[in-house]
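All letters in the sequence shown, in the order written, are residues 2 to 564 by our numbering.
For each residue, glycine too, the CB sits at the ideal point set by N, CA and C.
Right, one structure below, let's go through it.
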Amino acid sequence: MNIRTKLLGSFAIVIVLMVALGLLAYTHMTHTKSAYTEMLQDGEVRYQLKSLQNTITGMSNDERAYLLSQDKQFESQIADKNKAVEDLLAKILANPTLDDENRQVIEQIKVTFEKLGHSSTQTLELINAGKSKEALALHLGEERSTRNEIEKINDELLASLDSEMTADVVDRDHEAKTQNGWIMSLFAAALLSAIILGLLLTRSITRPLKLINTQLREIADGRGDLSRDIEIRTQGELAELAISFNLMIANLRTILSRAMGTAKQVSFSSEQLSESAEQTSRATENIVEATQFIAIRAEREQEQLASAISAIAQMSEGISRVSEANEEVAKLASAASESSTQGTHSIKEVLHEMKEIHDRVQDASGVILSLEKQSQEIGGITSMISEVANRTNLLALNASIEASRAGEHGKGFAVVALEIRKLAEQSKVSAQQITELIQEILSRVNQAVASMNNVSKKAGSGLVKTTQVDRLFQSIETSIEAVSTRVQNTSDTTGELAESSRSIVRMAETVAAASNEVAASCQNNSAATEEQLATMQEISSASLELTKLADDLHAVLNGFKLS
């Protein structure tokens, strides 16, 4: 498995877990919002039912006040309240969250209220006709019975709604705890997976690179062990790099072995050449005494020079092979550099994907913060409702006080004020319940914000780790370039050796020509002897220089362990 696949696979696993976590959280928030909306609608129905009951009670109070005062204003108020009750019943029936059973109860209240309205109309007609006693009897008889029936049905429906809302709150709390448990478990799994994958990925990348870097450093210092190959059990770019590196080491080992053999051969040939030069010098000193001996010696020297020329030619051919091998090593180094460049490009792609993950996490945090702000705005609205309820309670209290001062005429207003106080207290309790729900939602949102911040930190940490891997690939690329430079230097050195060997060949050919001249013309032995002596001195100097070069090359090559 190559590095790109490892990186993409690791990030894909983490991303899948994070997406699952996000979807679970989104589903949880959507379900919570739906449940909260349903609870608000149930609360609205409850509020409308209380308003319905209070309005019907107000109609009764206005009817009694009209009976006592004969003021037409109360008749108009009764008509307005009757219209208000009809509107409230229509709104309640139009609520989509109302189930069939409760809808039937509302229909029953509507029918009963129509009966009450019919009785109220008869009472008003009796009052207008001056029949106060008959109107009072109808008001306290049939109308009161109908109102009590409506109040009983309404109270039972309110109790049922309260029970349903309490059960919904318990169910929502249980579901929230369950969903939070799943979210935390999935988050822990994602975090643990990211840590384990990061450690395994880092180890699988750094361990082979450390082995290669260590051996490259030893080779660069001139003390490398070329007999040992790097073994990497993984597959992918690192395995290919190790194979290329081992191939380079094998080729370098072959080149150095050949170079050592050639150096030994050059050293041996130069010693022979030096010995031949000494022998030729001694023969030249005795040339005056024995020309015949000089001729024989010259022939022997020609044979030795031919052997030396052959040896030097072989050495030149070996150096040429060393130069060709160096070129192959340079090509391998170039291929390794290209592989390192491809690895760097893959790491940069991973960096780009990590940055996109980090940006997506930041966007999700912004959405959750917006939800928190909207929840706080709802909390402000419930606070306003509580404040209005307190003020309504205070106004109702003042109305009760004024009604008590009015005596018998203010009893109807006292009853209305008492109902308003009850309504205000119930509104205040409802607002407090809504506030508690909002606080719970804000607490969950804060937990979600903390979780998203933790995810953002982990994504940033992954981004830093990937950047470190990118730097490590750049270091590898630099090391490979250094190896290429060393190989080029070795190639230049072998070129110089080849040029030196060609120079020696030319010198040996010059000596052979001189020997031919000595053998051909023994009569001019004095001039030939001087010329040959000078030539032998040059050969001796060149052989000493060649011996020194061979020793230096051998010393350099001994720094490497080949087997």
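Closest Cα partner of residue i within the set the options
| i | options | result |
| --- | --- | --- |
| Glu-102 | Lys-84, Ile-154, Ile-128 and Leu-68 | Ile-154 |
| Gly-262 | Arg-322, Arg-204, Asn-247 and Thr-207 | Arg-322 |
| Lys-412 | Ala-400, Tyr-48 and Leu-200 | Ala-400 |
| Lys-356 | Ser-245, Ala-160 and Ser-462 | Ser-462 |
| Val-417 | Ala-21, Thr-28 and Ala-66 | Ala-66 |
| Leu-396 | Ala-425, Lys-458 and Tyr-27 | Ala-425 |
| Val-389 | Gln-433, Leu-253 and Glu-339 | Gln-433 |
| Phe-188 | Arg-406, Leu-419, Ala-21 and Lys-374 | Ala-21 |
| Gln-448 | Asn-214, Met-185 and Ala-168 | Met-185 |
| Ser-245 | Val-170, Gly-408 and Lys-332 | Lys-332 |
| Val-17 | Lys-51, Glu-76, Ser-194 and Ala-80 | Ser-194 |
| Gln-475 | Ala-451, Thr-342, Gly-381 and Asn-129 | Thr-342 |
| Ile-107 | Ala-535, Gln-315, Arg-47 and Arg-406 | Arg-47 |
| Phe-75 | Glu-87, Asn-129, Leu-53 and Thr-31 | Asn-129 |
| Asp-100 | Leu-158, Val-170, Thr-436 and Ala-80 | Leu-158 |
| Thr-486 | Glu-328, Gln-469 and Thr-436 | Glu-328 |
| Arg-361 | Thr-479, Met-385, Arg-173 and Lys-458 | Lys-458 |
| Asp-364 | Glu-126, Arg-208, Gly-23 and Arg-218 | Gly-23 |
| His-346 | Ser-371, Arg-472, Met-249 and Asn-252 | Arg-472 |
| Lys-111 | Glu-152, Glu-482 and Lys-429 | Glu-152 |
| Val-465 | Gln-54, Lys-82 and Gly-199 | Gly-199 |
| Glu-339 | Ala-26, Ala-191, Ser-70 and Glu-482 | Glu-482 |
| Gln-315 | Phe-294, Ala-336, Glu-350 and Arg-259 | Arg-259 |
| Leu-41 | Thr-167, Lys-73 and Leu-137 | Thr-167 |
| Leu-69 | Leu-125, Leu-53, Ile-402 and Asn-394 | Leu-125 |
| Leu-545 | Glu-276, Ser-431 and Leu-90 | Glu-276 |
Backbone secondary structure at residue i - three-state DSSP
| i | result |
| --- | --- |
| Ala-26 | helix |
| Gly-131 | coil |
| Asp-100 | coil |
Alpha helix (DSSP H) segment containing residue i, residue limits
| i | result |
| --- | --- |
| Gln-74 | 73-95 |
Closer than 7 Å: residue i CB and nearest the ligand ZN heavy atom
| i | result |
| --- | --- |
| Ile-206 | Among the components of this structure there are no ligands whatsoever, and the ligand ZN is therefore not found. |
Determine contact between the segment 58-66 and the segment 173-192, defined as no fewer than three beta-carbon pairs at a distance below 8 Å. no
Three Cβ pairs or more, each shorter than 8 Å: is that satisfied between the segment 60-74 and the segment 107-127? yes
For the structure I just gave you, are there three or more beta carbon pairs, one from the segment 119-128 and one from the segment 139-153, closer than 8 Å? yes
Count the CB pairs spanning the segment 150-168 and the segment 84-99 that are closer than 8 Å, and state whether there are at least three. no
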